[in-house]
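Let me begin by presenting the structure, written as structure tokens, before commenting on it.
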Amino acid sequence: MIEAVLTTETSSLSLKAPAKINLFLKVLNRRPDGYHEIESVMLKIALFDILRFSRHGKTISLSCQGSKVSEGPENLVYRAAEAFFSATGKTPGVRIILEKNIPVAAGLGGGSSDAAAVLLGLDRLFGVNLGRDRLLEIGLRLGADVPFFVHDYSSAAATNIGENLEEAGLLHDYWIVLVNPGFALSTKWVYENFPLTSCANPYILARGRNRSNDYHVVSPGLVEEFGNDLEAVSISRYPEIGDIKKELKKAGASAALMSGSGPTVFGLFPGKEEAQYSYELFARKYGKNVFLVRPYIP
Ligand code: ATP
420 MIEAVLTTET SSLSLKAPAK INLFLKVLNR RPDGYHEIES VMLKIALFDI
470 LRFSRHGKTI SLSCQGSKVS EGPENLVYRA AEAFFSATGK TPGVRIILEK
520 NIPVAAGLGG GSSDAAAVLL GLDRLFGVNL GRDRLLEIGL RLGADVPFFV
570 HDYSSAAATN IGENLEEAGL LHDYWIVLVN PGFALSTKWV YENFPLTSCA
620 NPYILARGRN RSNDYHVVSP GLVEEFGNDL EAVSISRYPE IGDIKKELKK
670 AGASAALMSG SGPTVFGLFP GKEEAQYSYE LFARKYGKNV FLVRPYIP
């Protein structure tokens with residue numbers, strides 16, 4: 420859920436865009452159009468980018484703080500604003516300030532969440548009221564993960580290419596330590612290197628029997644059992660991801676897994692104390708790329 424944190428006047432608005440983790444991720448197939456069919460449960464977490472919108476001028480102007488992401492059309496924020504104006508026929512005229520706190524290309528869905536915040540924010544700022552279905556449709560054209568952030572679910576099971584969503588059970592009692600090793604991983608590269616042919620892959624087919632249909636309550640046991648199919652690809656290039664997983668488990672995590680296409684690894688801790696200890700341990704090594712967060716309940 421994208422939550423308004425400040426509304427000064429109708430001509431300006433601030434929203435916070437949460438990150439997500441994938442509590443498990445299975446890659447089932449590659450479609451002829453190149454997209455992968457997946458099965459995953461995503462959980463929003465309380466780590467936020469902040470977006471400030473104000474009606475201004477006759478263009479889309481974007482400035483970013485906190486990270487060196489593009490301020491032009493390569494930025495999903497810019498593209499989401501273009502998509503909004505094109506879908507509504509409204510004359511462009513907005514200044515957007517993006518404060519990046521979510522690590523980029525980290526498997527935490529930051530760009531997708533920002534894009535959803537833009538659609539929801541501009542819809543409100545311009546008083547259009549497009550409705551959830553229309554916003555979901557525009558969001559999906561921007562990226563498969565965008566619809567999850569348009570919805571106000573805290574957690575959802577995602578199927579097809581990730582856009583088919585069903586509200587899922589929660590992990591509210593857990594503390595989450597995120598460890599980002601500080602390098603970016605391209606989602607495209609990870610999927611391209613996933614060992615799946617467009618024909619039948621015996622490894623994938625064998626698992627068909629073990630589909631994770633019953634995940635309405637996701638437990639650390641299920642996180643460990645289902646895992647993340649993309650981990651092997653990312654770990655083969657960056658073994659450090661595997662080391663972080665092991666260290667999180669050693670520090671008391673009930674489950675530890677790479678999120679999305681990585682490289683961020685999360686550990687689930689039932690108690691605050693162990694989570695805090697583990698957070699401090701990793702922060703000594705990885706500095707500001709380590710976070711102690713809770714699930715985000717919109
Ligand atoms: P996902 O988990 O959805 O695959 P991610 O967290 O791995 O996403 P993002 O942080 O969304 O990755 O960034 C992926 C790519 O998109 C980066 O290469 C980045 O340059 C580009 N990008 C475009 N707009 C944004 C944005 N607003 N925030 C972050 N990255 C952006």
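Just so you know, the working numbering puts 472 at position 53 of the sequence shown, and the rest follows in order with no gaps. C-beta: ideal position from N, C-alpha, C; glycine also. In this text, all values refer to a predicted model and were calculated from it rather than measured experimentally.
Closer than 8 Å, CB to CB, is residue i near chain B or not?
i, result
"P717", "Annotation note: the requested chain B is absent from the structure, which comprises a single protein chain."
List the endpoints of the continuous beta strand (DSSP E) containing residue i.
i, result
"K607", "Here K607 belongs to no beta strand (DSSP E); instead the alpha helix (DSSP H) covers T606 to E611."
"G690", "Looking at the DSSP string, G690 is not in any beta strand (DSSP E), and its letter there is neither H nor E."
"S480", "I479 to Q484"
"A674", "A674 to M677"
"L597", "W594 to V598"
"A575", "S574 to T578"
For residue i, which of helix, strand or coil comes out of DSSP?
i, result
"S474", "Residue 474 is actually Arg in this sequence, not Ser. The answer is strand: DSSP assigns R474 an E or B state."
"R498", "helix"
"N708", "helix"
"D468", "strand"
"I654", "helix"
"L442", "strand"
"R560", "helix"
"S638", "coil"
"L584", "strand"
"V523", "coil"
"E458", "strand"
"S430", "coil"
"R543", "helix"
"P770", "What is shown of the chain runs 420 to 717, which leaves residue 770 out entirely."
"S631", "Here S631 scores only 49 on pLDDT, less than 50, and its place in the model is too uncertain to base an answer on."
"A603", "coil"
"L589", "coil"
"R449", "strand"
Starting from the Cα of residue i, find the closest Cα among the options and give me that residue.
i, options, result
"L676", "D552, V596 and L711", "V596"
"N448", "I457, N441, I440 and L442", "I457"
"E650", "K664, L434 and P689", "K664"
"S638", "W608, W594, E659 and L604", "W594"
"F443", "A436, L687 and L700", "L687"
"Q484", "N494, G476, G491 and I516", "I516"
"A524", "S655, R474, F503 and F602", "F602"
"N488", "E556, S673, K509 and G529", "Here the sequence assigns Val to residue 488, which means Asn is not the residue at that position. Checking every option, the nearest Cα to that of V488 belongs to G529."
"S430", "E518, D542 and N494", "D542"
"V636", "G681, A587 and G661", "A587"
"V537", "L434, R450, K607 and H455", "L434"
"K669", "F645, G681 and A694", "A694"
"A576", "F472, G671 and K445", "K445"
"S486", "P522, F504, S480 and K607", "P522"
"E643", "A674, L700 and I660", "A674"
"N599", "L641, G671, G681 and S531", "G681"
"S531", "S473, T478 and H570", "H570"
"T510", "P492, D533, L544 and E490", "L544"
"K704", "V712, D533, E659 and K691", "E659"
"D592", "V712, K607, G453 and K519", "V712"
"Y454", "K707, K691, W608 and V709", "W608"
"L432", "T478, N520, I479 and G540", "G540"
"D662", "F701, F645 and N708", "F701"
Would you please state the rounded distance, in angstroms, between the beta carbons of residue i and residue j? I believe it to be under 8 Å.
i, j, result
"K436", "F467", "In the sequence as displayed, the identity of residue 436 is Ala instead of Lys. Yes, A436 and F467 are in contact; Cβ-Cβ is about 6 Å, under 8 Å."
"L590", "S653", "No, L590 and S653 are not in contact; Cβ-Cβ is about 23 Å, not under 8 Å."
"E585", "L559", "With a Cβ gap of about 16 Å, E585 and L559 do not count as contacting."
"Y715", "I464", "5 Å"
"I440", "S678", "4 Å"
"A502", "L554", "At roughly 10 Å, the Cβ-Cβ gap does not stay under 8 Å, so A502 and L554 are not in contact."
"P717", "S573", "6 Å"
"L470", "T683", "Going by Cβ atoms, the distance from L470 to T683 rounds to 21 Å, so no, they are not a contact pair."
"F568", "V513", "About 19 Å; that fails the 8 Å criterion."
"L481", "E493", "That belief does not hold up - the Cβ atoms of L481 and E493 are roughly 10 Å apart, past 8 Å."
What residue range is occupied by the uninterrupted alpha helix (DSSP H) comprising residue i?
i, result
"L517", "Where L517 is concerned, there is no enclosing alpha helix (DSSP H), although the beta strand (DSSP E) it sits in stretches over V513 to E518."
"E659", "E659 to K669"
*asked:* Between the stretch 605-615 and the stretch 496-513, can you find at least three pairs of beta-carbon atoms closer than 8 Å?
replied: Output reads no: the stretch 605-615 does not touch the stretch 496-513.
*Between the stretch 548-556 and the stretch 458-465, are three or more C-beta pairs nearer than 8 Å?*
no
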